[in-house]
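Last residue of the sequence shown? That's 413 in the working numbering, and every number before it is there in order. Data first, discussion second: the structure below is written as structure tokens.
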Amino acid sequence: MKKIPVGILGATGIVGQRFIQMLERHPWFEVSWLAASDRSEGRDYGDAARWRLKTPIPASVAKMRVSAAMPENAPKVIFAALDSGIAAELEPRFAEAGCAVISNSSALRMAKDVPLVIPEVNPDHIKLIECQSWRRKSGGFVVTNSNCSAMGLVLALAPLHKRFELETVMAVTMQAVSGAGYPGVASLDILGNVIPYIAKEEEKMEEETRKLLGTLNGAGVTLAPFKMSAQCNRVAVEDGHTESVSVKFKKKAQAAEILEAWAEFSGIPQVQKFPTAPEIPVRYVDAVDRPQPRFDVEFGGGMTTTVGRLRQCAVLDWKFTLLSHNTIRGAAGAALLNAELLKAEGYLE
Ligand code: NAP
Numbered sequence: 065m066k067k068i069p070v071g072i073l074g075a076t077g078i079v080g081q082r083f084i085q086m087l088e089r090h091p092w093f094e095v096s097w098l099a100a101s102d103r104s105e106g107r108d109y110g111d112a113a114r115w116r117l118k119t120p121i122p123a124s125v126a127k128m129r130v131s132a133a134m135p136e137n138a139p140k141v142i143f144a145a146l147d148s149g150i151a152a153e154l155e156p157r158f159a160e161a162g163c164a165v166i167s168n169s170s171a172l173r174m175a176k177d178v179p180l181v182i183p184e185v186n187p188d189h190i191k192l193i194e195c196q197s198w199r200r201k202s203g204g205f206v207v208t209n210s211n212c213s214a215m216g217l218v219l220a221l222a223p224l225h226k227r228f229e230l231e232t233v234m235a236v237t238m239q240a241v242s243g244a245g246y247p248g249v250a251s252l253d254i255l256g257n258v259i260p261y262i263a264k265e266e267e268k269m270e271e272e273t274r275k276l277l278g279t280l281n282g283a284g285v286t287l288a289p290f291k292m293s294a295q296c297n298r299v300a301v302e303d304g305h306t307e308s309v310s311v312k313f314k315k316k317a318q319a320a321e322i323l324e325a326w327a328e329f330s331g332i333p334q335v336q337k338f339p340t341a342p343e344i345p346v347r348y349v350d351a352v353d354r355p356q357p358r359f360d361v362e363f364g365g366g367m368t369t370t371v372g373r374l375r376q377c378a379v380l381d382w383k384f385t386l387l388s389h390n391t392i393r394g395a396a397g398a399a400l401l402n403a404e405l406l407k408a409e410g411y412l413e
């Protein structure tokens, strides 16, 4: 099969680097274009990017010239990993020019006609693409994946919401420093410390979770009706967001039924064996002191959400801990899985 050429907007950043790593041997897509800010434009990628990953920069990519972030000469499939301020300006411009923009940024996630998608959870929401004016004018469109802390949470909640209907969700996060991009949080601020504030993160978690678990209603999504409260903290962990979650359901749930719902959970990516799909989207670990970022974050190539410590909650019904890789499942891997869904559904022809 001839591979589809793809471009990366924001290729030099933390998420851009993950895209390059995850696309290196991708069977369907091939990186043919890289773009970033004026600071990087015109330089060789290997020189412009401060590579922070443990695998080396692919040799072919290191020699590629970083282009200006403009749609002229860009391929028709664009993975976007831009800061949200600039994403709000550039993503529509690429969609207008006829590109499929598969975005990581928060800029357009909550727009009425922009799908916010996790392929295992709400693949039907991609139909919103047809409501976008860019699609009608040039064929271009924007599809988004969620905030990195909403991602793990929604994967763990989706099978429970389906069976027992969520009434209330409370989540407290302990988020890795790589979630803040590069250079991100200054070492003097985070070493030996916890920062109980991440700008706009709590709002994003609360609204995105309800959009992802909401219902498609023609030209938009009706948010899932449960109450949700998030508290977000930055901690001195390299990769992996840990979350302490309490839930209340409308229907009564036994522990064994909750474990069964997680164990049975799978979706289109698993059934159709998408290249980036984890075999197990949600796994439960039985040990009393897991999940832990150091031991569990790489499970399933960083695409699996690990859950543990299920126990009764004296205030709501049940509580548990989850862990999700923020730059893989929460960012580049999420967008790649969305691209695989779009390809499977004929949107990248
Ligand atoms: P980052 O490391 O700060 O990278 C930002 C990228 O945007 C760099 O490539 C930068 O290029 C580029 N850029 C900045 N200003 C630009 C401009 N005016 N024109 C074109 N390119 C510009 O950030 P990140 O962590 O990769 O995050 C990227 C996006 O993904 C953000 O919206 C973030 O919220 C979202 N996200 C991040 C994570 C995570 O875990 N890190 C998870 C989910 C979603 P230069 O290098 O040339 O400056």
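All C-beta atoms in this analysis are idealised placements derived from N, C-alpha and C, irrespective of residue type, glycine included.
Nearest-angstrom Cα separation, counted from residue j out to residue i
i, j, result
"W97", "P139", "7 Å"
"T370", "K201", "42 Å"
"I190", "A403", "11 Å"
"S124", "G110", "10 Å"
"P91", "I182", "21 Å"
"N257", "E160", "44 Å"
"M128", "G203", "28 Å"
"E324", "R373", "15 Å"
"A317", "K383", "12 Å"
"A164", "K312", "39 Å"
"P339", "E270", "30 Å"
"G284", "E194", "11 Å"
"R354", "R107", "44 Å"
"L217", "A112", "34 Å"
"C377", "T237", "18 Å"
"G364", "P342", "5 Å"
"A263", "M65", "43 Å"
Burial state of residue i, where buried means 16 or more other Cβ atoms lie within 10 Å
i, result
"T119", "exposed"
"T286", "exposed"
"K275", "buried"
"A250", "exposed"
"P247", "exposed"
"P289", "exposed"
"S104", "buried"
"R82", "buried"
"G80", "buried"
"T76", "buried"
"L406", "buried"
"M367", "buried"
CB-CB length for residue i against residue j, believed under 8 Å
i, j, result
"S308", "T385", "6 Å"
"F143", "I259", "So it is not a contact: roughly 29 Å between Cβ atoms."
"K268", "A214", "7 Å"
"G304", "L387", "6 Å"
"S310", "V352", "No, S310 and V352 are not in contact; Cβ-Cβ is about 18 Å, not under 8 Å."
"V349", "D360", "7 Å"
"V178", "T208", "6 Å"
"E151", "S131", "According to the sequence as given, residue 151 is Ala; it is not Glu. The Cβ separation is near 17 Å, so there is no contact."
"S167", "E155", "6 Å"
"N211", "E266", "About 10 Å; that fails the 8 Å criterion."
"M292", "V233", "4 Å"
"G74", "L172", "Between L172 and G74 the Cβ distance is about 15 Å, and since that is not below 8 Å, they are no contact."
Boundaries of the beta strand (DSSP E) in which residue i is found, first to last residue
i, result
"V335", "Counting along the chain, V335 falls outside any beta strand (DSSP E), though it belongs to the alpha helix (DSSP H) covering I332 to V335."
"F338", "Run containing F338: none; DSSP gives neither H nor E here."
"G372", "T369 to Q376"
"P345", "Where P345 is concerned, there is no enclosing beta strand (DSSP E), given that its DSSP letter is neither H nor E."
"F28", "The structure shown does not extend to residue 28, since the chain is modelled only from 65 through 413, so no value can be given for it."
"I385", "Reading off the sequence, residue 385 comes out as Thr, not Ile. Counting along the chain, the beta strand (DSSP E) containing T385 begins and ends at W382 to S388."
"L73", "I68 to L73"
"S167", "A164 to S167"
Residue range of the unbroken alpha helix (DSSP H) whose run includes residue i
i, result
"R298", "First-last for R298: K291 to V299, but that is the beta strand (DSSP E), not the alpha helix (DSSP H)."
"P156", "S148 to E160"
"A325", "A319 to E328"
"R274", "E265 to L276"
"F313", "First-last for F313: H305 to F313, but that is the beta strand (DSSP E), not the alpha helix (DSSP H)."
"K407", "G397 to A408"
"P357", "P357 to D360"
Check: residue i C-beta below 6 Å from any heavy atom of ligand 3
i, result
"A403", "Ligand 3 is not among the ligands present in this structure, which contains only ligand 1."
Self-check item: Segments of 3+ residues assigned as beta strand (DSSP E) that fall wholly inside the region 79-127
Solution: 93-99
Quiz prompt | Contained beta strand (DSSP E) runs [length at least 3] in the region 181-254, N- to C-terminal order | solution = 205-208 and 230-239
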